[in-house]
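For reference, the structure discussed in these notes is given below.
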Amino acid sequence: MEELEDRNNDQKAMAVEDEAPVRSGRRPIFERKWTSVDKRTAAAVLGMHLLCLLAPFHFTWPAFWLAVVLYVITGMFGLTLSYHRHLTHKSFKLPKWLEYTFAYFGVHAYQGDPIDWVSTHRYHHQFADTERDPHTPTQGFWFGHVTWIFDSYGLTKKVSPKHVENFEERNPKGKPFRNIFVGYLKYGRPNNVEDLQKQAFYRFLRRTYILHHVGLAVVLYAVGGLPFLVWGLGVRIVSFQHLTFAVNSLGHMWGNQQWNTGDQSRNNWVLALLVFGEGWHNNHHAFEYSARHGLEWWQLDVTWWMILVLEAMGLATDVKLPSQHHMQKLAMQPKCE
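Residue numbering for the sequence shown follows the UniProt record's numbering, beginning at 1 and increasing consecutively.
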């Protein structure tokens, strides 16, 4: 248990060679170095939002309920349970066949392959609400919410400034990066997702990421035409993206703090309701290794309930929770009058 309680401090001790201060500030989006990856990401996000404009004209109840079912499968099982609590924080263990199944569901949440997503989120905890945080709202609400995903150069410069300097020295003409973040994962040190990169399944998902979305789009259109495509893909993806992005932005701006985490993370019951318990964000930053985010009986945490079901079935093992000692150590002290 002591090892678990010290994990936050251990993560912040990573990347000692990259601890030079990084001044990024608020940079207008068009003044950034746009990589080809940023441009493709922006085009994909814009395309999904444009697809949503067709939703009122292609509404059917079967399409609506399809979107709800896929929202739960890709959102709760894929993102919150697999990508976040299992792969990123190792809050519990699953048999490999189930781990890979849930991770594949996460691919269809359209927020990146497991290697990218987990790496970014681990850096978020390592540098939470500092200038090296990949998506802190301290650099502006919209940056923390969404525009950070169009800034692969700036993101990599935050988490590994020395890698960017070395890259620029090798490319004095300023040739645009194809994907500097991938370059960092390949050449930078330390590599915070080596546990995933050494597994062929996750490397396969990374190489073939876009093909899975194209395949699902074809299947949805073939089965239900435009209503299934618009609602099962566009509306479902955009709604869940903005709600999970809101955990990054509003979850560090709006709500209360129960624990002394040293950052701006907040507990927000609205986000917890909409994103399967992820809104208890201050709880999570205090005890990031915990499989349970809603620590009070009244704090709704649907993902935790599903983990309990998996544990009862013998599928989830080594389920981690914060100790009373750790909770007492981080509890906010009442302010003196």
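The C-beta atom is built at its ideal place from N, Cα and C for all residues, glycine as well.
Kindly indicate the opening and closing residues of the alpha helix (DSSP H) around residue i.
i: residue 74; result: Where residue 74 is concerned, there is no enclosing alpha helix (DSSP H), given that its DSSP letter is neither H nor E.
i: residue 302; result: 302-312
i: residue 317; result: Element bounds for residue 317: n/a, residue is neither H nor E.
i: residue 227; result: 209-229
i: residue 157; result: 152-159
i: residue 47; result: 36-52
i: residue 244; result: 236-249
List the whole-angstrom C-beta distance separating residue i from residue j, where the pair is believed to meet the contact cut-off of C-beta under 8 Å.
i: residue 41; j: residue 150; result: 6 Å
i: residue 316; j: residue 50; result: Contact doesn't hold; Cβ gap of about 39 Å is too wide.
i: residue 129; j: residue 252; result: 6 Å
i: residue 226; j: residue 54; result: 7 Å
i: residue 201; j: residue 75; result: That pair is no contact at about 21 Å.
i: residue 153; j: residue 32; result: 7 Å
Strictly by DSSP, which residues pair up with residue i?
i: residue 259; result: 331
i: residue 267; result: 256 and 280
i: residue 93; result: 317
Taking the alpha carbon of residue i as the point to measure from, which residue in the options has its own alpha carbon closest?
i: residue 44; options: 84, 75, 111 and 55; result: 111
i: residue 310; options: 55, 32, 81 and 224; result: 81
i: residue 139; options: 230, 249 and 203; result: 249
i: residue 282; options: 258, 195 and 202; result: 258
i: residue 234; options: 216, 246 and 223; result: 216
i: residue 86; options: 306, 48 and 127; result: 306
i: residue 329; options: 278, 260 and 101; result: 260
i: residue 199; options: 100, 228 and 275; result: 100
i: residue 78; options: 114, 213 and 324; result: 114
i: residue 46; options: 146, 254, 262 and 308; result: 146
* Answer yes if the stretch 263-278 comes into contact with the stretch 296-306, meaning at least three C-beta pairs across the two stretches below 8 Å, and no otherwise. => In short, these stretches touch, since the Cβ pair count reaches three.
* Please determine if the stretch 95-114 and the stretch 226-243 are in contact, where contact requires at least 3 C-beta pairs separated by less than 8 Å. => Judged by Cβ distances under 8 Å, the stretch 95-114 makes contact with the stretch 226-243, as three or more pairs qualify.
* Asked: Quick one: any contact between the stretch 316-328 and the stretch 278-296, if contact means 3 or more CB pairs under 8 Å?
  -> Yes: at least three Cβ pairs fall under 8 Å.
* Are at least three pairs of beta-carbons, each pair with one atom in the stretch 191-205 and one in the stretch 113-126, less than 8 Å apart? -> Because the criterion of three Cβ pairs below 8 Å is met, the stretch 191-205 and the stretch 113-126 touch.
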